Structures are given as structure tokens and as C-alpha cells.
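Some notes on the structure that comes next.
2 protein chains.
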Amino acid sequence: MDDDRWEAPRVLLAVDLVILTLRGSRLHVLLIERGVEPFRGALALPGGFLRDQEEDIVAAAHRELFEEAGLADVPHLEPLGVYGEPGRDPRGRVVSVAYLAIAPRLPEPVAGTDAAEASWRPVEHAMSSNVELAFDHRRILADGVERARVKLEHSALATAFCGETFTISELQQVYEAVWGVRLDPRNFYRKVQSARGFIVAAGSMRRTEGGRPARMFKAGPVQAIYPPMVRSAQAVAEGSDGRKDGRTAQTMPEGGANP
Amino acid sequence: MDDDRWEAPRVLLAVDLVILTLRGSRLHVLLIERGVEPFRGALALPGGFLRDQEEDIVAAAHRELFEEAGLADVPHLEPLGVYGEPGRDPRGRVVSVAYLAIAPRLPEPVAGTDAAEASWRPVEHAMSSNVELAFDHRRILADGVERARVKLEHSALATAFCGETFTISELQQVYEAVWGVRLDPRNFYRKVQSARGFIVAAGSMRRTEGGRPARMFKAGPVQAIYPPMVRSAQAVAEGSDGRKDGRTAQTMPEGGANP
DNA sequence: GAGACTTCCTGTCAGACTGACAAGAAGCTA
DNA sequence: TAGCTTCTTGTCAGTCTGACAGGAAGTCTC
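Those protein sequences? They're chains A and B, same order as listed. Last residue of the first sequence: 259 (the numbering used here), numbering continuous. Last residue of the second sequence: 518 (the numbering used here), numbering continuous.
Written out as C-alpha cells, the structure reads:
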């Protein structure tokens with residue numbers, strides 16, 4: 001850091017948001033249709049500039065989410081990466097901080113400021129090559145999805161996709177949707193039960209959808225689950241989208257910035 | 260993103276660097292003693308502001324590393340996080356992008372611009388409570404160290420701590436130093452050999468330090484190793500420094516227990 | 001109310017992986 | 001050559017994983 005008598009340049013600071021949810025057992029991402037230039041009419045991740053010098057970055061993210069898509073109460077925004085390549089935005093030097101959030105059935109978004117429309121799109125569709133995303137948002141989205149996959153292995157994140165209480169098979173659907181694989185229900189059952197503190201029984205409530213009623217669980221106290229859930233070598237190598245390049249340079253896999 | 264007729268605020272953009280290396284089988288971090296206000300005289304991570312509007316962020320990181328500590332050719336800078344809380348810097352709204360790098364025996368640093376001194380410090384010393392680090396650098400450092408620990412599990416990062424060729428026991432020392440645990444050489448040997456593509460034999464060269472000469476290896480082609488190296492539950496829970504609060508200091512309360 | 005059907009849950013079994021440890025291999029030193 | 005060091009190859013029991021059988025407990029249809 002830290003020079004003093006010389007004048008350091010200033011940049012525009014933006015936030016971009018990768019909001020993932022599950023709808024009908026498929027992974028969806030929140031996209032808006034841009035209502036202003038540049039990239040007017042193109043799809044984009046929600047986001048925007050800081051409102052003023054004093055605004056906290058995470059606060060700005062929440063604000064944009066509400067302004068552009070009408071979503072409040074999105075639980076936890078996790079820092080995903082920084083995208084600040086010169087030239088990524090025609091309006092000047094814009095450095096964007098990306099956040100990732102994952103939540104249970106979120107409501108339909110409502111388009112607001114600068115957004116002609118806001119909606120949930122299946123991730124595979126949004127990442128397919130015939131959809132144009134504004135700026136470098138395709139990359140940010142890909143990074144966010146990959147991050148979600150990795151986090152599912154070690155953290156209790158998957159429960160964030162579910163409601164407050166859930167059945168084990170609902171939890172399994174989360175893993176299947178995010179990882180893009182099929183899992184054996186019986187082995188999955190054993191696995192999640194043996195990870196201490198991952199999930200805990202929630203009373204004797206039951207919920208049913210045709211078959212034998214399932215026991216309800218809720219998220220356990222543990223953040224980092226042990227032993228970890230492990231994707232097969234194949235799943236790791238392939239992902240479920242088309243990326244073949246292994247890791248990306250820009251993301252920051254864990255931890256980071258918000259207070 | 261994306262407002263147009265209204266004027267978005269601009270912020271100062273800085274980079275901060277967590278550079279880790281191994282010296283005498285202990286993990287060390289590069290710190291400078293600040294030669295200018297604020298925090299003059301305090302220890303800090305190397306870093307600084309963008310030079311101009313057009314400078315790439317990673318390029319700025321490399322430049323600062325060279326200017327402040329005389330280090331060039333630090334291999335790969337990995338994005339670590341963004342630290343932009345209002346008030347973290349008395350000079351105004353400063354948003355800092357932190358990078359992590361890990362390298363084999365780097366040379367002694369040479370203090371340069373703004374740095375009264377630059378040196379390698381044992382990580383446990385730098386993070387101990389009686390050392391004052393400037394700004395929020397204690398947190399950034401803690402995040403960087405934890406990141407390194409996690410990366411060792413899944414990526415071939417450990418080889419980056421070694422020279423171009425190395426013995427398996429040298430590689431083991433890397434894991435022991437970063438994770439802060441002792442490992443069984445025989446099991447470690449089996450483990451790294453069975454992870455396909457992690458390390459490959461490097462000719463028939465040998466190096467010796469008293470006992471039977473060891474075979475030399477070099478980093479394999481694989482970035483993500485499978486099966487992963489797994490820290491024991493205990494190691495994960497404790498870390499190796501003085502932290503007693505589990506692993507969440509910087510992993511942050513993520514989604515899971517967030518009903 | 002008797003199947004038929006669905007989903008949930010408990011087991012079993014072989015193979016893979018892990019931690020602990022024995023012992024040989026191959027250098028150096030005295 | 002004996003003794004010491006470190007590297008390397010094995011062994012063995014316990015645990016974890018993937019594949020799969022089958023019973024439990026509801027709903028649906030007739």
C-alpha cells in the first residue's frame with residue numbers, strides 16, 4: 001500500500017452478483033436484461049456502482065440486488081473474485097467485486113432501476129454459447145458456479161439451498177443439481193449422516209410427496225464438514241458445463257472481505 | 260454495474276501481497292517496515308496503489324513487490340480477497356485487492372520505496388498478538404495462510420514451495436510446515452505417489468543429507484490432485500497457529516447455519 | 001380394503017483407502 | 001566393518017466408498 005505525496009489514480013468500483021437458486025431441481029441464476037447502455041438489451045448479472053464514497057461494498061451489493069431485482073433478504077454474500085482488467089468496461093476503468101450467494105426458493109425477481117427485466121435462468125442455458133452476457137459476466141458466472149461446486153464438498157453450504165428444514169433427498173437434489181451428477185440415495189444417506197454436525201434431526205416432522213414420509217432435518221452447527229463430501233474424479237474433471245481449462249486465474253476460493 | 264447519467268464515486272485501488280516461503284522448514288511471510296505515514300514504523304504486507312488508470316492489477320502487484328522488496332520473478336499471484344471496508348485506511352476510501360504467492364527459497368528482500376526495511380518473518384511470529392501489523396493486514400495474512408492450507412489439499416501447490424526438482428521428504432516438509440502437523444514419511448510417500456500426475460520422477464538424480472540418497476521428482480502436469488490430500492479432522496479444527504476458534508476466522512459464516 | 005406404486009431407510013459386501021508399524025536398501029562416519 | 005542416518009517397499013487391520021437387496025411406510029387406484 002501506501003504512497004503519500006504522489007496522487008494515486010481513482011477507479012470506479014462496481015459489484016456484480018452471482019445469485020444461485022434451485023428451481024425444479026435445476027440450478028438457476030439471476031440475470032437481468034440491461035435497460036441502459038452499454039450492452040443495452042443484453043443479459044447481465046445484477047450489480048452496479050457504489051452509491052457514494054462511504055458505502056460498504058457488501059451493502060452496495062445488497063442494495064443493487066434490491067434495486068434491480070426486488071430481492072431482499074438474500075442470506076449471505078460470499079466474496080467471489082475481483083475483475084478489473086483494463087478495458088473490460090467501455091465507460092472507463094471499472095473494477096468489479098463479484099459476490100456469490102446461494103439460497104432456497106427465492107421469489108420471482110422484479111425488474112427495477114436500469115433493468116428492463118429480471119428473471120431466473122437455468123445455468124446451463126445462461127452459460128451456453130448462444131447467449132450473450134454483458135461485459136465479462138460469462139466468466140464471472142462460470143467462476144461462481146465452480147465455486148459453488150467446490151464449496152459443496154467441504155462446507156455445509158448445501159443446506160443454504162434448502163429451506164429451514166429439509167429432507168435428506170432434498171439435500172441430495174442440491175448436490176445433484178450443482179454438481180451435475182446422479183448420486184445413489186442410499187449411499188448419500190449414509191454419507192451425510194456420518195458427517196458429524198452437518199445436519200441434525202428436526203423434531204419428528206415429516207413431509208411426503210408420494211412415497212414413505214421422510215424425516216426432517218435442519219442445518220447442523222458445523223461450517224466445515226468432515227469427512228468432506230467428495231466428487232468423483234470424473235465429476236471433478238468434467239464439471240458439468242463445458243469448461244475445460246481447469247482453474248481460473250481470477251477467483252479467490254475462500255474467505256476474504258466482508259465484515 | 261451500470262448507471263449512466265449520474266456520477267459514480269471513485270475509490271483508491273491498492274494491492275496487498277501475502278508472499279509465503281519456506282526457510283529452514285518453517286513458514287515465513289514477507290513483511291516490510293513502513294517508511295511513511297500512516298502506520299510509519301509498523302510492519303505491513305508489501306503493496307501499494309495503482310500507478311495509473313491503465314495499470315493492470317496483477318501488474319501493479321508485481322511492480323510493488325519489486326519496488327518495495329526487490330523481488331522479481333515471483334511465480335504466480337493468486338487472488339485472495341478484497342478488503343474495502345470504509346475506514347480501513349485513514350487516507351480515504353481505499354479498496355485493496357490481496358494476492359497470495361508461494362515460492363521456493365526466495366532471496367533476501369531488499370527494502371525500496373516507502374519501505375524502511377523488508378524481511379522474511381516466521382508466520383507464527385507475525386501473527387502473534389504482540390506484533391502490530393498496519394491496517395487490516397493481520398486479517399489478510401491470516402486469510403492467506405489459511406488459503407495456503409486449503410490449497411495444499413486439492414492442488415499441486417505444494418510443489419511451488421520446492422525447487423524445480425525435489426525429494427519426497429522435502430515435499431513432506433512443505434505439508435508439515437504449512438499445516439503445522441507431523442506426517443508419517445511412509446504413508447506420505449505412498450500417498451503422493453498414488454495421486455496421478457502430482458509428481459513425476461526427474462531422471463535418476465539423487466540428493467543426500469546423511470542417509471540413503473533420495474530419488475528426485477518434479478511437479479507433474481496436474482493442477483488439481485486426485486484423490487486429494489486430506490488433513491486430519493484435528494488438523495482442520497486446530498490449524499497450527501494459535502487460533503482456537505475453528506477454521507472460520509476467515510472462512511466467514513457462510514450460508515449453512517443461517518436459517 | 002387390497003393391491004400397486006412411490007419414496008424412505010436400513011443393511012450387506014467387496015474393493016479402495018488410511019494409519020500404524022516392520023524391515024530392507026543405500027548412503028555416510030568412525 | 002559396525003553403526004547411524006534416511007529413503008523405500010511392504011504388511012495388516014480398520015474405515016470409507018460404490019453397488020445393490022430388501023423391508024418400511026405412506027398414497028393412489030380400483
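Glycine included, each C-beta is placed from N, C-alpha and C at the ideal position. Keep in mind it's a predicted model, so treat the numbers as computed, not measured.
Where do the ends of the alpha helix (DSSP H) carrying residue i lie?
i              : result
A99 (chain A)  : It is worth fixing the name first, because residue 99 (chain A) is Tyr in this sequence and not Ala. Here Y99 (chain A) belongs to no alpha helix (DSSP H); instead the beta strand (DSSP E) covers 94 to 103.
S232 (chain A) : Neither: S232 (chain A) is in no alpha helix (DSSP H) and is coded neither H nor E.
R139 (chain A) : 137 to 154
Q452 (chain B) : 444 to 453
F39 (chain A)  : No alpha helix (DSSP H) holds F39 (chain A); DSSP gives it neither H nor E.
A59 (chain A)  : 57 to 69
H125 (chain A) : 123 to 127
T418 (chain B) : 417 to 420
Strictly by DSSP, which residues pair up with residue i?
i              : result
I32 (chain A)  : A:A44, A:A118
Y83 (chain A)  : A:S96
F425 (chain B) : B:F476
V200 (chain A) : A:K218
F308 (chain B) : B:A273
L392 (chain B) : B:L302
R206 (chain A) : A:R215
L27 (chain A)  : A:L22
A370 (chain B) : Partner(s): none; A370 (chain B) has no beta bridge.
A483 (chain B) : B:S414
E337 (chain B) : B:L359
Residue i CB to nearest chain A CB: under 9 Å?
i              : result
L290 (chain B) : no
M511 (chain B) : In this predicted model, M511 (chain B) has a pLDDT of only 25, less than 50, meaning its place in the structure is not dependable; the value taken from the coordinates is given anyway. Chain A contact via Cβ: present.
A267 (chain B) : yes
P334 (chain B) : no
F308 (chain B) : yes
E391 (chain B) : no
V277 (chain B) : no
R466 (chain B) : no
P338 (chain B) : yes
D261 (chain B) : The predicted model places D261 (chain B) with a pLDDT of 46, which falls under 50 and marks its position as unreliable; any figure quoted below should be read in that light. Judged by the 9 Å Cβ criterion, D261 (chain B) is in contact with chain A.
P363 (chain B) : no
V356 (chain B) : yes
Y409 (chain B) : According to the sequence provided, residue 409 (chain B) is Val. The question's Tyr does not apply to it. Judged by the 9 Å Cβ criterion, V409 (chain B) is in contact with chain A.
List the endpoints of the continuous beta strand (DSSP E) containing residue i.
i              : result
A14 (chain A)  : 10 to 23
A478 (chain B) : 473 to 478
Could you tell me whether the Cβ of residue i comes closer than 9 Å to any Cβ of chain B?
i              : result
F107 (chain A) : Just to set this straight, residue 107 (chain A) is Pro in the shown sequence, not Phe. So, not an interface residue.
P90 (chain A)  : no
H28 (chain A)  : no
L12 (chain A)  : yes
G84 (chain A)  : yes
G41 (chain A)  : no
V230 (chain A) : yes
G144 (chain A) : no
R93 (chain A)  : yes
P227 (chain A) : yes
H125 (chain A) : no
Does the ligand ATP have a heavy atom nearer than 8 Å to the CB of residue i?
i              : result
A374 (chain B) : With respect to the ligand ATP, the structure offers nothing, as it holds no ligand at all.
**Asked** Using Cβ-Cβ distances below 7 Å, what residues of the stretch 52 to 71 of chain A are close to chain B?
**Response** Taking 7 Å as the Cβ-Cβ cut-off, the stretch 52 to 71 of chain A approaches chain B at D52, Q53, E54, D56, I57, given in chain order.
**Selection of the stretch 162 to 195 of chain A by Cβ proximity to chain B, strictly under 8 Å** = E164
**Request:** Could you run through the stretch 109 to 122 of chain A and flag, in chain order, every residue whose CB is less than 7 Å away from some CB of chain B?
**Result:** D114
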